[in-house]
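Protein chains in written order, with my numbering: chain B, 2 to 319; chain D, 452 to 758; chain F, 337 to 586.
Glycine included, every Cβ here is placed at the ideal spot set by N, Cα and C.
Okay, so here's the structure we're looking at.
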Ligand SMILES: Nc1ncnc2c1ncn2[C@@H]1O[C@H](COP(=O)(O)OP(=O)(O)OP(=O)(O)O)[C@@H](O)[C@H]1O
Ligand SMILES: [Mg+2]
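What follows is the structure, given as structure tokens:
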């Protein structure tokens with residue numbers, strides 16, 4: 002894996018994409034196109050969310066349709082303390098991760114007792130519950146959303162008010178999230194998650210309480226996504242409950258599947274494709290969402306495995 | 452206690468309940484028999500509303516428009532089934548939700564293209580636009596009563612079809628045993644197509660009935676569809692009876708929560724706390740109900756047999 | 337006299353009014369190979385599923401090592417030392433053969449809440465996985481994705497999975513189902529090696545295998561136990577001949 006001589010299309014794309022993201026600040030400076038930096042920063046934040054969704058969806062076989070809720074929880078974990086002038090970033094991130102864990106734990110406790118389509122709908126409904134709860138809390142802006150006046154502060158260690166610093170903060174976060182998921186999936190725990198996806202009944206019959214493992218995995222994914230939410234809150238300096246509407250959970254699913262569910266890096270590619278296409282198409286026509294819809298249907302019908310699957314086939318041909 | 456308000460809110464809750472039932476019954480049939488998850492069901496609800504809006508404008512009559520809009524919605528349902536949905540029956544649920552999510556994007560954009568980004572109001576004829584006195588000194592909008600009545604009639608008709616007709620027998624057989632239906636030599640493709648169109652009509656009916664109150668707008672189905680999911684989860688997926696009971700339950704609890712929870716909370720906590728927490732709690736109430744039902748019955752209140 | 341290792345009392349289960357397990361009493365002693373035979377649909381798989389915890393009995397008790405396990409979920413029973421193999425192969429088909437077995441070993445190690453170390457480089461795991469595979473003769477196939485193996489190999493892996501949890505009691509549901517005669521002979525060898533050290537409840541249609549391996553045999557017909565005894569007694573039993581062995585032995 003770490004030996005470039007053995008790399009195939011998939012590994013090359015992964016390495017080059019991460020390197021390109023890492024070097025982007027230099028080039029955008031040269032080309033004086035700072036908006037591209039913003040675009041990639043947003044892309045990377047969403048990619049962290051997609052990577053976390055992929056942990057439960059692609060690796061764990063749990064089709065959660067409520068992942069956007071964690072983005073909201075994470076963003077409000079920055080916004081609400083900031084509203085009370087608590088801007089300590091460590092604290093805010095701890096709240097984001099902690100609150101996501103609590104939410105994931107309690108909703109997972111119930112959702113994971115169910116199977117199949119029940120699970121899809123229940124995760125969706127719980128997310129919608131958070132959405133409506135925040136809409137009705139006037140104190141934090143209700144459906145107008147909450148302006149986040151100051152970005153998280155990290156006690157002088159670094160200052161994410163600075164665009165480039167924030168960008169690298171995000172880049173490191175993405176790389177760390179990928180590394181974390183990779184480690185988890187290769188660990189004993191990850192083996193159990195993978196096994197339970199393949200054949201839950203057999204896993205129980207050899208002695209695994211799959212429910213506990215799945216719940217843990219569900220909580221971990223929620224925590225990672227909550228972290229992404231904290232980043233997004235800082236990035237947009239504004240958060241509206243609308244960003245956790247279930248259609249955004251659907252978009253996250255689309256990103257994962259477009260990139261390739263169950264592959265480590267697929268979700269990053271899927272998110273990149275999604276965000277760049279969105280940027281490009283919305284510049285051409287206000288009806289770009291229809292193109293997305295058709296694309297989504299076509300991907301489902303004709304391109305199982307998504308971008309990663311395509312790269313895998315490329316690799317094999319050589 | 453203000454009895455007039457209570458009765459009005461019970462009726463409002465029932466009105467929401469029957470609308471939810473119209474949506475949920477289509478969803479639950481399509482899922483129960485075809486094992487197909489249709490997120491785009493809310494789009495059919497929206498199409499019913501927009502067809503009715505335009506037809507009301509052309510014909511000048513809401514009632515006539517409503518009767519014309521239903522077959523149009525059925526046509527849309529047929530087209531969707533033939534072009535996309537039938538290719539997905541053999542796929543897994545993830546593929547279902549993704550592809551039908553794609554359909555939602557297409558529908559929402561198409562409506563924006565045809566009808567423009569703003570909503571379209573539907574004027575009601577005078578005889579429907581007023582209020583009637585249902586009890587001494589208690590008035591209720593005529594049109595809302597009509598919605599409730601229509602919903603109840605449809606519910607009874609559906610229940611009768613499912614329990615008393617040959618088609619209904621197939622539906623029940625299909626809900627618990629798909630292979631048996633094909634073994635009976637029934638053209639399962641046609642059965643699915645017909646059911647999908649029926650679901651579309653029911654959704655369209657719900658949409659065109661709510662539109663005179665809220666107006667037809669883009670994405671109007673995307674919010675209520677989640678509540679319809681909550682309904683069929685509570686009721687038990689595949690069960691018409693469950694959909695009906697759960698729809699009324701959800702409609703009533705949601706409406707009651709929104710109007711009475713703050714006065715109720717004031718019994719235990721300070722007025723200020725009650726007023727800040729009531730909206731949030733009432734918004735979450737149906738989800739809490741769902742969680743509570745599932746904690747005890749993971750298959751819902753009326754799980755169909757053999758699933 | 338050895339105390340009953342597994343004690344089934346008055347076990348009853350019906351599907352839509354038809355009894356599939358009809359008040360079954362059965363005792364498995366430590367270190368014995370106890371075969372359960374019976375015609376198709378006799379309720380053998382249903383019985384095993386209730387012992388393994390996948391089906392809940394309507395009535396009766398199952399006690400294992402003196403402990404009532406009737407309401408325990410499958411994973412808890414596995415942790416107590418009960419392992420089953422499936423009549424219809426049930427594997428983690430997307431994973432390699434080694435990973436399949438490694439998972440069973442992991443399960444036996446206690447909890448798997450270990451998030452960091454690479455399980456595939458954990459020699460404590462992989463070495464034992466290879467040993468378990470060697471026991472059923474699959475060591476050469478360790479890196480194959482389970483899906484890509486032959487039916488016979490699937491059956492072998494099925495047994496390897498059950499064995500790898502190092503169970504006290506093995507519930508084997510037709511381990512030789514669908515095997516060629518050579519493969520079946522090999523399976524008999526594998527099971528013969530285990531005989532004496534492992535307690536087994538063996539369901540099998542292959543009578544040669546049953547009579548070669550079993551210390552005692554129970555005959556199940558329409559969910560009822562019609563006879564239990566030593567192989568010779570069963571062979572000689574008139575009601576068994578009539579109900580079951582008749583056509584084969586006759
Ligand atoms: N889940 C179920 N629902 C309904 N009936 C069932 C179910 N499982 C088994 N049965 C019925 O119970 C009876 C016993 O089935 P079982 O599979 O236990 O038989 P068996 O002895 O294992 O047969 P075989 O030798 O074919 O494997 C059969 O009549 C079968 O049809
Ligand atoms: Mg059997």
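Beta carbon proximity, residue i to chain B, threshold 7 Å
i: residue 501 of chain F; result: yes
i: residue 738 of chain D; result: yes
i: residue 713 of chain D; result: no
i: residue 681 of chain D; result: yes
i: residue 400 of chain D; result: Chain D is shown only over 452 to 758; residue 400 of chain D falls outside these bounds and no answer can be derived.
i: residue 556 of chain D; result: yes
i: residue 585 of chain F; result: Because residue 585 of chain F sits at a pLDDT of 43, beneath the cut-off of 50, its placement in the model cannot be relied upon, and the point is left open.
i: residue 517 of chain F; result: no
i: residue 749 of chain D; result: yes
i: residue 530 of chain D; result: no
i: residue 550 of chain D; result: yes
i: residue 527 of chain D; result: no
i: residue 592 of chain D; result: no
i: residue 553 of chain D; result: yes
i: residue 513 of chain F; result: no
i: residue 477 of chain F; result: no
i: residue 492 of chain D; result: no
Beta-carbon gap between residue i and residue j smaller than 7 Å
i: residue 548 of chain D; j: residue 604 of chain D; result: no
i: residue 482 of chain F; j: residue 438 of chain F; result: no
i: residue 478 of chain F; j: residue 433 of chain F; result: yes
i: residue 442 of chain F; j: residue 472 of chain F; result: no
i: residue 92 of chain B; j: residue 240 of chain B; result: no
i: residue 413 of chain F; j: residue 424 of chain F; result: no
i: residue 493 of chain D; j: residue 672 of chain D; result: yes
i: residue 559 of chain D; j: residue 676 of chain D; result: no
i: residue 556 of chain D; j: residue 293 of chain B; result: yes
i: residue 506 of chain D; j: residue 519 of chain D; result: yes
i: residue 421 of chain F; j: residue 509 of chain F; result: yes
i: residue 56 of chain B; j: residue 68 of chain B; result: no
Inter-residue Cα distance where the pair is residue i and residue j
i: residue 465 of chain D; j: residue 471 of chain D; result: 10 Å
i: residue 223 of chain B; j: residue 105 of chain B; result: 6 Å
i: residue 718 of chain D; j: residue 728 of chain D; result: 13 Å
i: residue 362 of chain F; j: residue 517 of chain F; result: 31 Å
i: residue 649 of chain D; j: residue 509 of chain D; result: 26 Å
i: residue 526 of chain F; j: residue 411 of chain F; result: 25 Å
i: residue 705 of chain D; j: residue 733 of chain D; result: 7 Å
i: residue 139 of chain B; j: residue 234 of chain B; result: 18 Å
i: residue 479 of chain D; j: residue 209 of chain B; result: 34 Å
i: residue 739 of chain D; j: residue 499 of chain D; result: 31 Å
Chain-ordered chain D contacts of residue i [CB-CB under 7 Å]
i: residue 133 of chain B; result: 734, 735
i: residue 291 of chain B; result: 556, 557, 560, 561
C-beta neighbour in chain E for residue i, strict 7 Å
i: residue 469 of chain F; result: The chain inventory of the structure shown lacks chain E, comprising the protein chains B, D and F.
Interface flag, residue i vs chain D, CB-CB below 7 Å
i: residue 27 of chain B; result: no
i: residue 32 of chain B; result: no
i: residue 89 of chain B; result: no
i: residue 202 of chain B; result: no
i: residue 65 of chain B; result: no
i: residue 298 of chain B; result: yes
i: residue 285 of chain B; result: no
Chain B contact residues for residue i, given Cβ-Cβ distances below 7 Å
i: residue 538 of chain D; result: 302
Partners in chain D for residue i, counting only beta-carbon separations shorter than 9 Å
i: residue 151 of chain B; result: Here the premise fails: no neighbours, minimum Cβ distance about 25 Å.
Contacts of residue i in chain F (Cβ-Cβ under 8 Å)
i: residue 6 of chain B; result: Ordered by position in chain F, no residue passes the 8 Å Cβ test against residue 6 of chain B, which lies about 21 Å from the chain.
Chain B contact residues for residue i, given Cβ-Cβ distances below 9 Å
i: residue 361 of chain F; result: The contacting residues do not exist; residue 361 of chain F stays about 25 Å from chain B at best.
Cross-chain neighbours of residue i in chain D, by beta carbon under 8 Å
i: residue 126 of chain B; result: 677, 680, 681, 684, 738, 741
Chain-ordered neighbours of residue i on chain B, where CB pairs are closer than 8 Å
i: residue 438 of chain F; result: 192
#### Entry: Interfacial residues, the region 232-265 of chain B to chain D, with Cβ spacing under 9 Å
246, 247, 248, 251, 252, 254, 255, 258, 262
### Message
So if I threshold CB-CB distances at 7 Å, which residues from the region 6-25 of chain B count as touching chain D?
### Response
none
### Query
Using a beta-carbon distance cut-off of less than 7 Å, what residues from the region 420-436 of chain F approach chain B?
420, 426, 427, 428, 429, 430, 431, 435
### Message
For the region 453-464 of chain F, list every residue whose C-beta sits within 9 Å of some C-beta in chain B, in sequence order.
### Response
453, 454, 455, 456, 457, 458, 461
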